[in-house]
Ligand SMILES: [Fe+2]
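Numbering (the numbering used here), first residue to last: 15 to 404.
As structure tokens, then:
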């Protein structure tokens, strides 16, 4: 069967405690003149933007700051506000930034990817929804990560909410891959317990969805299983004590590995269904995934080979004597982790309304991430998954 396992990643990835110090020498070689920083007010207040500003000043690089990512789940209007920064209305000219630096979690990286894309390709970000619609290279992007969860700093995808349709659009194009990523646990130590939990559990959903995807390969398998093991070993520690730098560092590795895995193998119904809930109610992505995961796993079970269930069990340190028992133990492992992290256990608690199930289900079937799910569902199947998680 024809299938591709192409792999796109940032050309350079600065990884590890103190890795930010290498940014200066990387930037020096690029001969930059004008940079746009895309971030949010919280990241500025934590002092991370100031660290990057000092580096830019030392290299005599001019910069502007766009801090208009006002909440997680960035919207089309945030992207348009960012694009307005690229125009100098007084002189009626484009500012011609030669680099965008996103600082923050997945929302900031995604918003920056969208701004960088529309700045050079024109139109609206809604024109690029789906797979590989971007035709011109976006403004080059550096993504400096402050969470361990989304993988957005290394992936070719962005998720942007179209408020008019209440849909979270998955936009995926190799050209949207940042040129350079920075994953420095020193930038992650101030993550709140809530963000540690919701971003960390997102890594579980990335790893499991990539591992059971129809596009999985030995490359994505190794990364997904490795990531899964790290999350189960270290996420509770990072959650219990945010200053546990070993746990922060291992969660950083887990995030990168799972991001690499799904960037080549794709995702599945957990994300396809979660995107719709996020678009409707603007709720936390990782938490919705955590609720949906056991239910989607149960639906997918007939299409997941026995051996894959055993390998997931090994990664999360449980022993199963049969496939059915393996599914049960994986679901229990996810639910136990979820309760350790104080994440809600039902979609109702998260804020979903039962009257919206049919519309959400129709949209979920159109979501790009549904294409790589191992079992194809009907509209009724999707509605049943939502109902079972309600
Ligand atoms: Fe995710």
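All residues carry an ideal CB built from backbone N, CA and C; glycine is no exception. Everything numeric in this text was worked out from a predicted model, so none of it was measured.
Please return the same chain residues whose Cβ sits closer than 7 Å to the Cβ of residue 37, not counting the five positions on each side in sequence.
Cβ neighbours of residue 37 beyond the five flanking positions: 28, 69, 196.
Verify the contact flag: residue 110, CB atom, against every heavy atom of ligand 1, threshold strictly below 6 Å.
Outside the cutoff, so no.
Judging by CA-CA distance, which residue of 89, 86, 126, 119 is the nearest neighbour of residue 99?
With distances taken between Cα atoms, residue 99 lies closest to 126.
Please check the pair residue 50 and residue 114, which I expect to be a contact at CB under 8 Å, by giving their CB distance rounded to whole angstroms.
Confirmed, about 5 Å.
Please identify the residue among 379, 237, 221, 251 whose C-alpha is closest to the C-alpha of residue 287.
When each option's Cα is compared against that of residue 287, the closest is 379.
Three-state secondary structure (DSSP) at residue 195?
DSSP places residue 195 in strand when its eight states are reduced to three.
Is residue 54 near ligand 3 - that is, is its Cβ less than 6 Å away from at least one heavy atom of it?
Ligands present in the displayed structure are limited to ligand 1, and ligand 3 is not among them.
Output the distance between the C-alpha atoms of residue 265 and residue 74, rounded to the nearest integer angstrom.
Whole-angstrom Cα-Cα distance: 34 Å.
Taking the alpha helix (DSSP H) that residue 173 falls in, what are its first and last residues?
Here residue 173 belongs to no alpha helix (DSSP H); instead the beta strand (DSSP E) covers 171-176.
Using a 10 Å radius around the Cβ and a threshold of 16 neighbouring Cβ atoms, would you call residue 369 buried or exposed?
By the 10 Å Cβ count, residue 369 comes out exposed.
Please name the residue in 256, 318, 110, 144 whose C-alpha comes closest to that of residue 130.
Among 256, 318, 110, 144, the Cα nearest to that of residue 130 is on 110.
With a threshold of 6 Å (Cβ to nearest heavy atom), would residue 216 be considered close to ligand 1?
Yes, ligand 1 has a heavy atom inside 6 Å of this Cβ.
For the region 351-366 against the region 240-252, do three or more pairs of beta-carbon atoms, one drawn from each stretch, fall closer than 8 Å, so that the two count as touching?
Output reads yes: the region 240-252 touches the region 351-366.
Between the Cα of residue 228 and those of 188, 389, 187, spot the shortest distance and give me the residue it belongs to.
Ranking 188, 389, 187 by Cα distance to residue 228 puts 389 first.
Quick one: what's got a C-beta closer than 6 Å to residue 403's C-beta in the same chain, skipping five residues either side?
So the qualifying residues of the chain are 305, 306, 309, 361.
Jot down the residue ranges of each uninterrupted alpha helix (DSSP H) in the region 107-150, minimum 4 residues, whole runs only, in chain order.
Runs found: 120-135.
In whole angstroms, what separates the C-alpha of residue 340 from that of residue 57?
Cα-Cα distance, rounded: 41 Å.
Relative to the alpha-carbon of residue 216, which residue among 176, 399, 272 has its alpha-carbon at the smallest distance?
Minimum Cα distance to residue 216 is reached at 272.
Mapping the DSSP letters down to three states, classify residue 57 as helix, strand or coil.
Helix, per DSSP.
Between the C-alpha atoms of residue 392 and residue 145, what's the straight-line distance to the nearest angstrom?
One C-alpha to the other measures close to 22 Å.
Would you grab the beta carbon distance between residue 231 and residue 19 for me? Rounded to a whole angstrom, and I think it's under 8 Å.
Rounded, the Cβ-Cβ distance is 4 Å, consistent with contact.
Measure the Cβ-Cβ separation of residue 185 and residue 143 and say whether it is below 7 Å.
It is a contact, given that the beta carbons lie within the stated cut-off.
For residue 265, report the span of its alpha helix (DSSP H) as first-last.
Start and end: 259-279.
Closest to residue 295 by CA distance: which of 138, 398, 88 is it?
Looking at the Cα atoms, 88 is the closest of the given residues.
Less than 7 Å between the beta carbons of residue 251 and residue 261, yes or no?
Yes, Cβ-Cβ distance for residue 251 and residue 261 is below 7 Å.
For residue 376, which residues of its own chain have a beta-carbon under 7 Å away from its beta-carbon, when the five flanking residues on both sides are left out?
393.
Alpha carbons only, please: which of 21, 32, 26 is nearest the one belonging to residue 263?
The candidate whose alpha carbon is nearest that of residue 263 is 32.
On a CA-only basis, which of 400, 188, 62, 297 is nearest residue 357? Give me that one, please.
Here the closest residue by C-alpha is 297.
Extract the residue ranges of the alpha helix (DSSP H) inside the region 307-389, only unbroken runs of 4 or more that lie entirely within it.
320-329, 337-354, 361-364, 371-380, all fully within the region 307-389.
If I measure Cβ to Cβ from residue 107 and keep anything under 6 Å in the same chain, skipping five residues before and after, which residues do I get?
Interpretation of residue 107 is limited by its pLDDT of 49, a score under 50 that renders its predicted location unreliable; the figure taken from the coordinates is listed afterwards. So the list is empty, once near-sequence residues are dropped.
Is residue 68 helix, strand or coil when you go by DSSP?
It is helical.
For a quick check, are the C-beta atoms of residue 238 and residue 225 less than 7 Å apart?
Yes, they are a contact pair.
Take residue 387 and list the residues in its own chain whose beta-carbon comes closer than 6 Å to its own, dropping the five residues that flank it on each side.
For residue 387, where only same-chain residues beyond five positions count, the Cβ hits under 6 Å are 282, 283.
Roughly how many angstroms lie between the CA atoms of residue 189 and residue 147, to the nearest whole one?
Roughly 10 Å separates the two Cα atoms.
Are residue 192 and residue 155 close, meaning C-beta to C-beta below 7 Å?
The answer is yes: Cβ separation under 7 Å.
Please state whether the Cβ-Cβ distance between residue 172 and residue 124 is less than 7 Å.
In this structure, residue 124 lies closer than 7 Å to residue 172 by Cβ.
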